[in-house]
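In my numbering, the protein residues as written are 1026 to 1268.
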């Protein structure tokens, strides 16, 4: 079983916080699966897959000197930030930049972007547009995926952003993993949260997640890891429990 890839673009850290919490949830689920497999009653083995957190390259790092930086935005749909700076300039703690090989190897994908006028940010779209080779090879078929986003206002286009990120993943043959209303925080949240995927409302540039937002991120990560494990075994019936 390949690694679980948590991939995001973030300029001031809101979307990164979501990514880290989703990774935390995935790790908790994998630990639970590992503990269950270790029980003498199961007679199964389990090798925990790696969880890798990566960022997509900023446009100035990926467009060969053309118009180099994503335009600065400051409006209700602009997402988490408004200054005209690159990932590296504004967030030195950003995760390493993803490679297409890491995308191919993953057994599950969590994809995140701040909202830009109700759509994903340009660097995320640029990265997805570069995955034609993986589409031709069917590298992501039958692998689970979820999406997450951040916006600077409650009605800044979060759900349309989540849906826009799903579309290329459907073209890749991925299995979308949303959030069911069995999660109490989805009923109780007064900020981010959607059945289409987790989200954060960065009012007044608030980077810190609310308790409900973090709870939903952890639930999303657990669900993604659980589905990744189930689908991997369904697609590899000749293997034992684990990879």
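Quick reminder that beta carbons are idealized off the backbone N, C-alpha and C, glycines included.
Simplified DSSP state of residue i, which is helix, strand or coil
i, result
"residue 1193", "helix"
"residue 1202", "coil"
"residue 1215", "coil"
"residue 1142", "coil"
"residue 1181", "coil"
"residue 1035", "coil"
"residue 1222", "strand"
"residue 1056", "helix"
"residue 1040", "helix"
"residue 1029", "strand"
"residue 1062", "helix"
"residue 1134", "strand"
"residue 1122", "strand"
"residue 1047", "helix"
"residue 1233", "coil"
"residue 1187", "helix"
Outcome for residue i when other beta-carbon atoms lying within 10 angstroms are tallied against a minimum of 16
i, result
"residue 1125", "exposed"
"residue 1254", "buried"
"residue 1248", "buried"
"residue 1233", "exposed"
"residue 1236", "exposed"
"residue 1228", "exposed"
"residue 1221", "buried"
"residue 1238", "buried"
"residue 1158", "exposed"
"residue 1190", "buried"
Same chain, Cβ closer than 7 Å to residue i, neighbours up to 5 away in sequence not counted
i, result
"residue 1049", "1243 and 1246"
"residue 1153", "1193"
"residue 1160", "1196 and 1197"
Residue span of the alpha helix (DSSP H) that contains residue i, given as start and end
i, result
"residue 1228", "Segment: none, residue 1228 is in no alpha helix (DSSP H) and carries neither H nor E."
"residue 1240", "1236-1260"
"residue 1130", "1125-1130"
"residue 1149", "1147-1154"
Cβ neighbours of residue i in the same chain (closer than 6 Å, five flanking residues each side left out)
i, result
"residue 1185", "1143"
"residue 1106", "Note that residue 1106 scores a pLDDT of 42, beneath 50, so its modelled location is shaky and nothing firm can be said."
"residue 1026", "1074, 1132, 1257 and 1268"
"residue 1077", "1028 and 1030"
"residue 1148", "1034, 1081, 1083 and 1084"
"residue 1146", "1034, 1138 and 1139"
"residue 1039", "1105, 1175, 1225, 1227 and 1232"
Enclosing beta strand (DSSP E) for residue i [first to last residue]
i, result
"residue 1176", "1169-1176"
"residue 1157", "Counting along the chain, residue 1157 falls outside any beta strand (DSSP E), though it belongs to the alpha helix (DSSP H) covering 1157-1162."
"residue 1080", "1076-1080"
Neighbourhood of residue i by C-beta, 8 Å cutoff - its chain only, sequence neighbours within 5 removed
i, result
"residue 1241", "1204, 1208, 1210, 1211, 1214, 1217, 1218 and 1223"
Can you confirm whether the segment 1124-1140 touches the segment 1164-1184 when touching is taken to mean that 3 or more C-beta pairs between the two stretches lie within less than 8 Å?
yes
Are the segment 1195-1207 and the segment 1041-1061 touching by the rule of at least three beta carbon pairs closer than 8 Å?
no
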